[in-house]
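Scroll down for the structure; my scribbles are underneath it.
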DNA sequence: CCAAGACTAGACAGATCTGTCTGGTAATGT
DNA sequence: ACATTACCAGACAGATCTGTCTAGTCTTGG
């Protein structure tokens, strides 16, 4: 069937290897800095096979970011009983990732820095991520009965961006706790 | 004298044109995306002249960021009577820049995204900027008698980073006010 | 048994990248 | 008057970039 063919192609081993290699190299060294030749060499894939699965490099970049998107969505699932706990748990999860060795900042922020054109497909994936995260925070704040969910969601998003940047450029050990107490100050009962 | 020669070289018209062009192109389109050939063409400078002033592209990139650094230092001078007002004024200044059309995010964050190696000269300029900003905020908080200046400075730095990212990737009109009230919440008298 | 598709190996084209080099002009200061 | 220096114009080298193409192997479903 058509669906079988599609599934087979999507889960092809060569394609999988290319995507894994692309994620490691794009994230670790930057997108423009990594050429197709190097990706296919390290993935052990022929050039024709690569261009069979990905019509262009931009398609690979989009696929890489879309995988990151679904990965983050799974990892940053809110846990806890109350909406406040859920918000904190999301930041705890991000904070842990952010302090890990090998952390190189937010894949979406970094990618956007290399794709200035707001209409580019890559930027659209970035937009999807940011809208999802903002809406998630807003909904949690609404559920928590926060008086100003819309604006507070923007504050929290800004804090997350700052945490991601600091985890890459500054000392992650300091940034994590600081951002966490900032979140507490912003959504704490005293703020309401 | 040597100093005369040095001054003449540093203020040479060709060098000035190269730096202006580099700033516009690097900031607007990304660093790896802009080649030397294009910079010298748009600056109207011969290739030999370029390599006379800048031994390599990396030197130009560093010079570009160092100019941004001193420019920000002049622009973000704290104004106002009280330390609280000074902190807010710095964010007001940054907020205005951030909402301007043509804003493409923080030049240092964007550059760091393209230079993953923390030991690279480019990253050292980025570090200088971040240390300066963090120390400035911390000193203002100390002057304001804030109980936790060190950690609060990190929070404010994270907010600034988030504001810069949001001004580029999201709707700047929303991000500005949100971050400003977040600053108020974090340094407000109730926080003390 | 055989057709189709996934895959490999690698040459090739055309553009672009950084950086070097030659050669010549113009201004400047001593 | 002369040496130095800034500058221009552009060829050139060698590497690397994306993307195409040929040609052949291997696997698998019908």
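Chains as they are written, first to last, in the numbering used here: chain A, 1 to 192; chain D, 1001 to 1192.
For every residue, glycine included, the Cβ atom is placed at its ideal position computed from N, Cα and C.
If you're wondering where the values come from, they're calculated on a predicted model, not measured in any experiment.
Straight-line CA distance for residue i to residue j?
i	j	result
residue 139(A)	residue 149(A)	8 Å
residue 1125(D)	residue 168(A)	15 Å
residue 44(A)	residue 53(A)	14 Å
residue 272(A)	residue 134(A)	Only positions 1 to 192 of chain A appear in this structure, which leaves residue 272(A) out of reach.
residue 1104(D)	residue 1164(D)	8 Å
residue 1037(D)	residue 27(A)	28 Å
residue 1186(D)	residue 1153(D)	10 Å
residue 82(A)	residue 74(A)	19 Å
residue 84(A)	residue 1147(D)	25 Å
residue 61(A)	residue 31(A)	8 Å
residue 132(A)	residue 69(A)	10 Å
residue 1108(D)	residue 1066(D)	10 Å
residue 1072(D)	residue 71(A)	37 Å
residue 1123(D)	residue 1177(D)	31 Å
residue 1179(D)	residue 1136(D)	19 Å
residue 77(A)	residue 143(A)	16 Å
residue 17(A)	residue 56(A)	17 Å
residue 1063(D)	residue 1097(D)	21 Å
residue 1093(D)	residue 1100(D)	11 Å
residue 944(D)	residue 110(A)	Because chain D here runs from 1001 to 1192, residue 944(D) falls outside it and cannot be looked at.
residue 24(A)	residue 102(A)	10 Å
residue 14(A)	residue 51(A)	11 Å
residue 1118(D)	residue 145(A)	43 Å
With 8 Å set as the bound, which would you pick, yes or no: does the beta-carbon of residue i sit closer than that to a beta-carbon of chain D?
i	result
residue 192(A)	Here residue 192(A) scores only 38 on pLDDT, less than 50, and its place in the model should not be relied on; the value that follows carries that caveat. Not closer than 8 Å to any Cβ of chain D, the Cβ of residue 192(A) fails to qualify, so no.
residue 145(A)	no
residue 21(A)	no
residue 124(A)	no
residue 87(A)	no
residue 61(A)	no
residue 194(A)	Nothing about residue 194(A) can be read from this structure; chain A reaches only from 1 to 192.
residue 189(A)	Legend: pLDDT at residue 189(A) = 45, less than 50; position of this residue unreliable, no value from coordinates given.
residue 173(A)	no
residue 112(A)	yes
residue 45(A)	no
residue 24(A)	no
Give me the chain A residues within the contact set of residue i, using Cβ-Cβ distance strictly less than 7 Å, ordered along the chain.
i	result
residue 1116(D)	28, 29, 30 and 104
residue 1058(D)	Correct list: empty, because the minimum Cβ distance to chain A is about 13 Å.
residue 1165(D)	109 and 161
Strictly below 9 Å CB to CB, what residues from chain D border residue i?
i	result
residue 186(A)	1182, 1185 and 1186
Which first and last residues belong to the alpha helix (DSSP H) in which residue i is found?
i	result
residue 1020(D)	1013-1029
residue 129(A)	121-143
residue 1179(D)	1172-1187
residue 1099(D)	1083-1099
residue 1071(D)	1057-1075
residue 1160(D)	1149-1169
residue 51(A)	47-53
residue 1033(D)	Note, residue 1033(D): premise wrong, no alpha helix (DSSP H); not H, not E.
residue 1108(D)	1107-1114
For a contact defined as C-beta to C-beta under 7 Å, what are the partners of residue i on chain D?
i	result
residue 142(A)	In chain order: nothing, as chain D lies at least about 16 Å away.
Can you find a C-beta in chain A that's less than 8 Å from the C-beta of residue i?
i	result
residue 1162(D)	yes
residue 1072(D)	no
residue 1065(D)	no
residue 1038(D)	no
residue 1130(D)	yes
residue 1093(D)	no
residue 1033(D)	yes
So which residues on chain A does residue i lean against when the C-beta distance must stay under 9 Å?
i	result
residue 1138(D)	By Cβ distance, chain A contributes nothing, its closest Cβ being about 12 Å from residue 1138(D), past 9 Å.
residue 1151(D)	174, 177, 178, 181 and 182
For a contact defined as C-beta to C-beta under 8 Å, what are the partners of residue i on chain D?
i	result
residue 240(A)	Nothing in the structure corresponds to residue 240(A), since chain A is present only between 1 and 192.
residue 76(A)	Per Cβ cutoff of 8 Å: no residues; residue 76(A) is ~17 Å from chain D at best.
Could you tell me if the beta carbon of residue i falls within a distance shorter than 7 Å of some heavy atom in the ligand HEM?
i	result
residue 69(A)	By its list of ligands, the structure shown contains no ligand whatsoever, and the ligand HEM lies outside what it can speak to.
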